[in-house]
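Have a look at the structure below, then the notes.
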Amino acid sequence: MEEELKNLAVLIPAYKPGGALVTLCAELKERGFGEVIVVDDGSGESYEGIFGAVEGKGCHVLRHVFNMGKGRALKTGFNDILVNCRGIRGVVTADADGQHLVKDIINVGRAVLEREDTIIIGARTFSGKVPLKSRFGNTVTRNVFRFVSGQNIRDTQSGLRGFPLPALKKIITLKGERYEYEMNMLLEASRFDLKLKETEIETVYIDGNASSHFNAVRDSWRIYKIIIMFGASSLISFFVDAAMFALITVIFPSTKDTAVVWIPLLGARLVSSAVNFLINRNVIFAKEKQGSLKRHIIGYYLLAAAILAGNIAVTSLFKNLGVNLYVSYFISLLLFLISYPVQKHWVFR
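Using our numbering, the first residue of the sequence shown is number 1005, and each one after it goes up by one.
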């Protein structure tokens, strides 16, 4: 029995688990963890035997009447630990299917006890025979996360994570009832002054990861919708820009003249940028929003001016070099992608 493990709780959300859960819980108790808490996320009467066996191993079982999602199960467990578990300094979350080895759970727990300001992520290497769904899902999510947050996390979908106790009071307030809650923890960590650190764990898949309840379509939408919303905001602004240009030239036909066409262009751009600013400030980046309106306006239009200057410079350069101007659209897309993290981490912070 490792003495330091008595200061750690292990939290396991479980939905329709197999016998591997009982084996895992028994070994965790034998190794000396202070608390082992399992949340039955509405598995149903046919699974009462498994959860009864878990309780027989000395573990505490919390129950949802119906399936509420992994995010809600984690919050239920976090709340119970904060209210009832005295002497606990850190929490390790693990999956119920046996894919997280006890030795790795212990290593993540030890890392938590060494750092009070850091979320520890048990990172798989994804080497060898890895189910296509898992490899593809993690690759896409990892790159999206890097784009959004600026941090390079190898395994964003790992359920094996360690949290210092003070962090629970912060992350329990985050939105998300299902798998998106785990992504929200990573996305919002910096807002809570929490660092992210990975520790390597063994990659284990049982029956091709068939026991996973992750729904690629449903849960990917919940995870990536912020990116889609950001793109939609820009698309709305594009249509507003086009509509305002058309409206101004209809009301003032003389502005169609080449010499003064900049007037409807400028007017349309001012209106569309204001629409984009309001959507981004009050919808897309509402949670990150800090500082004054004046600061946000200055930051936004400095960024907009930089992007516009970049587009003009690249277009002019390509034109002078005789490069196909369609290439400039790729540069415009790149500048658009760059604008997301800049707005998230600078303009509205």
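Think of the CB as a built atom: it goes at the ideal place given N, C-alpha and C, for glycine as much as any other residue.
So does the stretch 1236-1247 actually touch the stretch 1268-1284, counting three or more Cβ pairs closer than 8 Å?
-> Output reads yes: the stretch 1268-1284 touches the stretch 1236-1247.
Check: Whose C-beta lies closer than 6 Å to the C-beta of Phe1234 among residues of the same chain, with five residues either side of it excluded?
Finding: These residues qualify, in order along the chain: Ile1288, Tyr1344.
Practice item. Within the same chain, show all residues whose beta-carbon is closer than 8 Å to that of Ile1157, passing over the 5 residues directly before and after it, in chain order. Key: Within the same chain, Ile1157 has close Cβ partners Ile1125, Ala1127, Arg1146, Phe1149, Arg1150, Leu1190, Leu1200, Glu1202.
Quiz prompt | Exposure label - Lys1079; buried when at least 16 CB within 10 Å | solution = With at least 16 other beta carbons inside 10 angstroms of its own, Lys1079 counts as buried.
For this session: Taking all protein chains shown into account, decide if Gln1103 is buried (16 or more other Cβ within 10 angstroms of its Cβ) or exposed.
Result: Classification for Gln1103: buried.
Worksheet item: Does the stretch 1164-1181 come close enough to the stretch 1079-1092 that 3 or more CB-CB pairs lie under 8 Å?
Response: Taking a cut-off of 8 Å on C-beta distances, the stretch 1079-1092 touches the stretch 1164-1181, as three or more cross pairs fall below it.
Quick check: what's the CA-CA separation for Ile945 versus Glu1008? The structure shown does not extend to residue 945, since the chain is modelled only from 1005 through 1353, so no value can be given for it.
Taking Tyr1305 as the reference, which of Lys1291, Gln1294, Lys1323, Arg1285 has the closest Cα? Ranked by Cα distance from Tyr1305, the options Lys1291, Gln1294, Lys1323, Arg1285 are led by Arg1285.
Within 8 Å (strictly less), CB to CB, does Gly1126 reach chain C?
Absent from the structure: chain C. Only one protein chain is present.
Please list, in chain order, all residues of the same chain as Leu1015 whose beta carbon is under 6 Å from its beta carbon, the five residues on each side excluded. Same-chain partners within the cutoff: Ile1041, Gly1081, Val1095, Thr1097.
Q. If you compare alpha carbons, which of Ala1317, Phe1256, Met1187 is closest to Tyr1228?
A. Checked all of Ala1317, Phe1256, Met1187; the closest Cα to Tyr1228 is Met1187.
Leu1325 to Ile1335 span [Cα, whole Å]: Cα to Cα, Leu1325 sits roughly 15 Å from Ile1335.
Along the beta strand (DSSP E) that carries His1068, what are the first and last residues, could you check?
Start and end: 1064-1068.
When we look at the beta-carbon of Lys1074 and count the other beta-carbons within 10 Å, is it buried (16 or more) or exposed? The residue is buried, with at least 16 neighbouring Cβ atoms inside 10 Å.
Give me the DSSP bridge partner(s) of Gly1166.
Note: Gly1166 sits in a beta bridge opposite Val1096, Ile1124.
inquiry  = Looking at the strands, I want to know which residues DSSP matches up with Pro1257.
reply    = Partner(s): none; Pro1257 has no beta bridge.
task: Please report the Cβ distance between Phe1037 and Ala1013, rounded to the nearest whole angstrom; I am assuming they are in contact, meaning their Cβ atoms lie under 8 Å.
output: Phe1037 to Ala1013, Cβ: 7 Å. Contact.
Give me whichever residues DSSP pairs with Ala1013 in a beta bridge.
-> The partner list for Ala1013 (beta bridge, DSSP) reads Glu1039, Val1095.
Residues near Tyr1051 by beta carbon distance below 8 Å, same chain, minus five either side: Around Tyr1051: Lys1020, Pro1021, Asp1044.
Run the CB neighbour count on Pro1268, radius 10 Å, all protein chains shown included, and call it buried at 16 or more, exposed below.
So Pro1268 ends up on the buried side.
Taking DSSP as the reference, what is the three-state secondary structure of Ala1290?
Note: Ala1290 maps to coil in three-state DSSP.
In the structure shown, what three-state DSSP assignment does Glu1202 receive? Residue state, collapsed to three classes: strand.
What does the alpha-carbon distance come out to for the pair Val1026 and Glu1039?
So the two alpha carbons sit approximately 15 Å from each other.
By DSSP's criteria, Asp1045 is part of a beta bridge. Which residues make up the other side?
Residue pairing for Asp1045: DSSP places it in a beta bridge opposite His1068.
_8 Å contact criterion, which Leu1312 and Val1351 should meet: CB distance rounded_ = Contact doesn't hold; Cβ gap of about 15 Å is too wide.
Proximity to Ile1092 [Cα-Cα], best of Glu1059, Leu1105, Gly1113, Val1065
Of the candidates Glu1059, Leu1105, Gly1113, Val1065, Gly1113 places its Cα closest to the Cα of Ile1092.
Notebook entry, point to check: Taking Cβ to Cβ, would you say Asn1011 is nearer than 8 Å to Gly1046?
Noted result: Cβ atoms of Asn1011 and Gly1046: not closer than 8 Å.
Among residues of its own chain, excluding the 5 on either side of Asn1111, which ones have a beta-carbon nearer than 7 Å to its beta-carbon?
Cβ-Cβ distances below 7 Å link Asn1111 to Thr1203 in the same chain, with the five nearest sequence neighbours on each side left out; the list follows chain order.
Run the CB neighbour count on Ala1077, radius 10 Å, all protein chains shown included, and call it buried at 16 or more, exposed below.
Buried, since its Cβ has 16 or more Cβ neighbours within 10 Å.
Quiz item: Gly1053 lies in the alpha helix (DSSP H); which residues open and close that run?
Solution: Run containing Gly1053: 1052-1060, per the alpha helix (DSSP H) assignment.
Residues in the same chain with beta-carbon distance under 6 Å from Thr1122, minus the five sequence neighbours each way, listed in chain order, please. Within the same chain, Lys1199, Lys1201 come within 6 Å of Thr1122 by CB-CB distance, once the 5 residues on both sides are set aside.
| said: Let me confirm a value: Thr1143 is counted as buried when at least 16 other C-beta atoms fall within 10 Å, else exposed. Which label applies? | reply: Thr1143 is exposed by the Cβ-count criterion.
Reference Asn1315, options Ile1342, Asp1108, Val1069, Glu1006, closest by Cα
With distances taken between CA atoms, Asn1315 lies nearest to Ile1342 out of Ile1342, Asp1108, Val1069, Glu1006.
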